[in-house]
Amino acid sequence: MNAKSTPAQAAQLAAIQNPPLMRSISTPEGVVLPVELGQRGERAVAFILDILIVFGTLLAIYFVLAITLISSRGSGGWLFSAIFLISFFIRSFYFAFFELRWQGTTPGKRAMGLRVVDRAGGPLRADAVLARNLMREIEVFLPLSLLLSAGGPGGGWGLLLTLVWMGIFVLMPLFNRDALRVGDMVAGTWVLVAPKAALLPDLSEAAPGGPSEESRYAFTKAQLRIYGIYELQTLENVLREDRVNTAELRAEVAKRIIARIGWPDEEPDIDRFLNDFYTALRGHLERKMLFGVRRRDKHDGS
Amino acid sequence: MSAVEANQATPRPAFDLKSTSFRREREPGWRRLEALLEKARTGGLAKLETRELLSLPILYRAALSSLSVARSISLDQNVVHYLEGLAGRAYLLVYGGRTNALAAMGNFLRFTLPGAVRKAGVYIALSAFILALGVIVGYVLTLGNADWYYSFVSDSMAAGRGPNAETESLREVLFRDGRDTKDRLSAFASFLFSNNARVGMLAFALGFAFGAPTVLLLLINGLTLGAFAALYVSRGLGYDFWGWLLIHGATELSAIVLCGAGGLMLGAAVVFPGDYTRLVNLGRVGRRAAVIVIGAVIMFFFAALLEGFGRQLILHTPTRYMVAAATMVGWLWYALRSGRQAR
C-alpha cells in the first residue's frame with residue numbers, strides 16, 4: 003500500500019479486491035460456475051426465521067384445537083391424536099417439504115437469499131433433502147429438549163459433557179471451511195447464496211458526458227502497456243463503486259495512475275480521465291487477448 | 056482507423072470494442088432468460104407456459120456459451136459476473152428438483168426404499184444382532200437375579216410392573232380391553248407414533264458420532280426388552296407376553312433395526328471412508344441411509360396403529376401371533392421383492 007493512502011482507503015480497496023467465500027461448481031455441460039457460500043450468520047438468521055414460523059404455526063393450531071375442545075365439550079381423543087400427528091409432521095418435515103417444493107429454499111432461506119445445492123453439481127435429489135433435514139434431530143431438537151429439561155443425567159459434570167457433546171454438533175459449521183453443518187455433510191449438499199447479478203451499463207459506453215461524446219484524453223501504447231487485467235478490473239470496480247466517499251477514492255486512484263504513467267497534464271477532469279483510461283486500457287488488453295496474450299497484472303512479464 | 060503505432064497517442068476508437076458489440080448482439084437473449092427465471096422464481100417450472108418451457112434449455116445453453124465467449128474475449132468484469140449469475144440461476148432451475156410429487160412418492164416406495172434396504176443388508180444384520188444381543192443379555196441376567204430388572208427398566212417405563220408386582224396384575228396388563236375407551240386409543244396410537252419415530256430418527260442421526268451412540272441405544276433398548284421378557288417368563292406368562300409384544304413389535308422392532316442400520320452406516324462411512332474422502336463418502340452413504348430411516352418412519356406409523364388399536368382390540372393370543380407373523384412376512388416380502396422387476 004502506498005504510504006500516502008489512509009488505512010480506511012486501504013481497507014476499502016482490499017474489500018473490493020477480495021470477494022468472500024467463493025467456490026466453484028461444474029455444470030453437466032462442463033462450464034465451471036463460481037458460487038458464493040452463504041454466510042454463517044445469514045444461515046443462522048434464516049434458521050431462526052423458519053423456527054419461528056414452525057412454532058408460530060404450531061401455536062396457532064393448538065389455539066384453534068383448544069377452542070374446539072372447549073366448545074365441543076366432548077371426549078377429546080381424536081383431538082389429541084390430531085395434535086400429536088400435526089406437531090410431529092410440521093416439526094419433522096417442514097424443512098424437507100419446502101426444500102423439495104421450492105427447489106432448495108425455505109421461507110427463511112428465501113428471505114435471506116440462500117439456497118441448498120448439491121455439492122457435486124448434480125440436481126438436488128429428494129434423498130439428499132431428507133438426509134440433511136433428518137440430522138436436525140441431533141443438531142437442534144435434542145439439544146433444545148435437553149436444555150429445556152434443565153440438564154442431562156449425572157448432575158453438573160453430566161450437564162457439562164452434554165453441552166460439549168451438543169456443542170460439537172451445533173457448532174459444526176464454525177469448524178470447517180465450507181460452513182457445512184452435520185446435515186450438509188451427510189447429504190452432500192451445501193448452502194449457497196442464490197446467485198443474482200444485475201447487468202450494468204458498459205463502462206466503455208457510459209462516459210460521464212454520455213455515450214456519444216468523444217473521448218477527451220488519449221493515451222500512448224507505452225502508457226497502456228504498464229498495467230494488466232488485474233489493475234483494469236480493480237479500476238472497473240472503483241468506477242462502479244457508489245458510496246459516500248467515492249470522489250475521494252477516485253481522486254486517490256487517479257493520482258496514482260497519473261504518477262505511474264507519467265501523465266503530463268497536472269489536473270485532468272477525474273471522472274472523464276478514469277473512464278477514458280479504462281476504455282483505452284480495456285481495448286488494448288482485449289486486443290492482446292485475441293492474439294492469445296493474457297496479461298494478468300502489472301508484474302506479468304508478457 | 057489504422058493500426059496504432061507505438062508511442063503515438065491514440066484517440067478513443069470510433070468503432071466499438073469487440074466485447075461491446077458481442078454484448079449488444081447477445082443481450083436480448085440474456086434478458087429473455089432473465090425474464091423466464093423471474094417468472095419461475097416462486098412457482099418453479101410449473102409457472103411457465105409450454106412455449107417458454109421449450110425455450111428454457113436453449114436460452115440456458117446460449118447463456119453458458121455466452122459465458123465461455125465472454126471469459127475469453129471480454130475484460131468487462133460486470134458482464135462476466137452477470138452471465139455467471141444468470142447461468143447459475145438457470146442451471147439451478149434446469150437441474151433443480153422437477154419431480155411430480157405423487158410420481159416421486161410412488162417411485163420412492165416401489166424402487167428407492169426397498170433397493171436401499173437390500174443394499175444395506177450387512178448393516179441391518181449387524182443392527183439386528185446388537186439388538187438381539189441386548190435382549191438375550193437382559194433376559195439371562197434378569198432371569199438369574201431379579202435385581203437386574205431395576206438397572207434395565209426405568210421407573211417411568213416400568214409403571215408399577217416389577218418383580219414385586221403380583222402375577223395377576225401383570226397378566227391384566229397383557230389383556231387390557233380397549234373396547235370401551237375406543238376414542239382414547241387414537242390419541243395413544245398417535246403419541247406412540249410420534250415418540251417412536253423421533254427416537255428412531257435420533258438413533259440414525261447419532262450414528263454420525265462413529266456409530267457408538269447408535270450401538271448403545273440399540274443395546275439399551277434390547278436390555279429393557281429382555282428384562283421385561285424375563286419378568287413375565289418367570290411368572291409363566293411368556294407365551295402371552297410375546298403375543299402381546301410381537302403383534303406390533305414385529306413391525307416396530309424391524310423399524311428400530313432399520314434406524315440402527317442407518318446410524319451404523321453413517322458411523323461406518325466416517326470410520327472407513329474407503330476410496331473416497333470422509334466427507335464425500337458421508338455424502339454418498341448418508342443419502343441412502345436417510346431413505347432407510349424414512350422407510351422406518353412409515354413402519355413406525357403402522358406399528359403405532361397395531362399397538363394403539365390392534366393390541367387393545369385383539370385379546371386372543373394365537374390371533375396376536377398370527378397378526379405378528381402376517382406383518383413380518385409382509386415387510387420381508389416388500390423389502391426383498393418390490394422393485395426387482397425392470398423399471
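Here the protein sequences come in this chain order: A and B. Residues in the first sequence are numbered from 3 upward in steps of one, following our numbering. Residues in the second sequence are numbered from 56 upward in steps of one, following our numbering. All C-beta atoms in this analysis are idealised placements derived from N, C-alpha and C, irrespective of residue type, glycine included.
Just the Cα atoms here: how many angstroms apart are residue i and residue j?
i: Tyr229(A); j: Ala199(A); result: 27 Å
i: Ile27(A); j: Ser74(B); result: 26 Å
i: Val304(B); j: Ala379(B); result: Reading off the sequence, residue 304(B) comes out as Gly, not Val. Computed Cα separation, rounded: 8 Å.
i: Leu196(B); j: Gly293(B); result: 16 Å
i: Tyr232(A); j: Pro197(A); result: 23 Å
i: Ser74(A); j: Val312(B); result: 42 Å
i: Phe82(A); j: Leu109(B); result: 49 Å
i: Ala48(A); j: Met24(A); result: 20 Å
i: Ala159(B); j: Ser209(B); result: 42 Å
i: Ala175(B); j: Ala242(B); result: 34 Å
i: Thr97(B); j: His136(B); result: 23 Å
i: Leu391(B); j: Phe95(A); result: 28 Å
i: Leu182(A); j: Ile275(B); result: 32 Å
i: Leu226(A); j: Leu283(A); result: 6 Å
i: Glu14(B); j: Ala285(B); result: An answer regarding residue 14(B) cannot be provided, because it is not within the stretch 56 to 398 covered by chain B.
i: Glu250(A); j: Arg79(B); result: 33 Å
i: Phe97(A); j: Val188(A); result: 16 Å
i: Tyr18(B); j: Leu88(B); result: Examination of residue 18(B) is not possible in this model, given that chain B is present from 56 through 398 alone.
i: Ile272(A); j: Gly303(A); result: 29 Å
i: Pro30(A); j: Arg342(B); result: 21 Å
i: Tyr205(B); j: Arg226(B); result: 20 Å
i: Asn239(A); j: Gly294(A); result: 25 Å
With DSSP run on the structure shown, which of helix, strand or coil describes residue i?
i: Phe221(A); result: strand
i: Thr191(A); result: strand
i: Val208(B); result: coil
i: Arg25(A); result: strand
i: Ala64(B); result: Its pLDDT being 48, under 50, Ala64(B) is placed unreliably in this model, and the value from its coordinates should be taken loosely. Three-state result, Ala64(B): coil.
i: Glu104(B); result: coil
i: Val340(B); result: helix
i: Gly154(A); result: A caution first: Gly154(A) carries a pLDDT of 47, below 50, which makes its placement in the model unreliable, though a value can still be read off. Three-state DSSP puts Gly154(A) in coil, outside helix and strand.
i: Leu368(B); result: helix
i: Asp120(A); result: strand
i: Val34(A); result: strand
i: Leu39(A); result: strand
i: Ser206(A); result: coil
i: Gly211(A); result: For Gly211(A), the pLDDT reaches just 47, beneath the cut-off of 50, and the residue's location in the model is therefore unreliable, leaving the point undetermined.
i: Asp129(A); result: helix
i: Gln105(A); result: coil
i: Ser249(B); result: helix
i: Asn2(A); result: It is not possible to answer for residue 2(A), since the shown part of chain A is limited to 3 through 304.
i: Thr332(B); result: coil
i: Ile128(B); result: helix
Compute the distance between the beta-carbons of residue i and residue j, then report whether it is under 8 Å.
i: Leu194(A); j: Val255(A); result: no
i: Gly124(A); j: Arg339(B); result: no
i: Phe248(B); j: Phe356(B); result: yes
i: Ala90(B); j: Ala118(B); result: no
i: Gly185(A); j: Arg138(A); result: yes
i: Leu301(B); j: Tyr178(B); result: no
i: Leu116(A); j: Glu44(A); result: yes
i: Ala324(B); j: Leu337(B); result: yes
i: Leu132(A); j: Ile349(B); result: yes
i: Gly255(B); j: Leu321(B); result: no
i: Ser399(B); j: Arg165(B); result: Nothing can be reported for residue 399(B), as the shown portion of chain B is limited to 56 through 398.
i: Val124(B); j: Phe77(B); result: yes
i: Thr59(A); j: Ile92(A); result: yes
i: Gln41(A); j: Leu147(B); result: no
i: Ser182(B); j: Ala316(B); result: yes
Comparing C-alpha positions only, which one of the options sits nearest to residue i?
i: Thr281(A); options: Ile185(B), Leu130(B), Leu109(B); result: Leu130(B)
i: Leu138(B); options: Leu148(B), Ser121(B), Glu221(B); result: Ser121(B)
i: Leu360(B); options: Ala244(B), Gln367(B), Ala381(B); result: Ala244(B)
i: Arg366(B); options: Asp295(B), Arg395(B), Arg173(B); result: Asp295(B)
Below 8 Å on the Cβ atoms is my guess for residue i versus residue j; work out the distance and round it to an integer in Å.
i: Gly281(B); j: Val346(B); result: At roughly 30 Å, the Cβ-Cβ gap does not stay under 8 Å, so Gly281(B) and Val346(B) are not in contact.
i: Leu287(A); j: Leu234(A); result: 6 Å
i: Phe99(A); j: Glu141(A); result: Not confirmed; about 18 Å, so no contact.
i: Asp90(A); j: Ala258(B); result: Residue 90(A) is actually Phe in this sequence, not Asp. The Cβ separation is near 16 Å, so there is no contact.
i: Leu241(A); j: Leu276(A); result: 6 Å
i: Arg218(A); j: Arg289(A); result: About 22 Å; that fails the 8 Å criterion.
i: Leu186(B); j: Leu273(B); result: 5 Å
i: Thr306(B); j: Met354(B); result: 5 Å
i: Ala260(B); j: Leu136(A); result: 6 Å
What in chain E is Cβ-close to residue i, meaning under 7 Å?
i: Trp265(A); result: The displayed structure is made up of protein chains A and B, and chain E is not among them.
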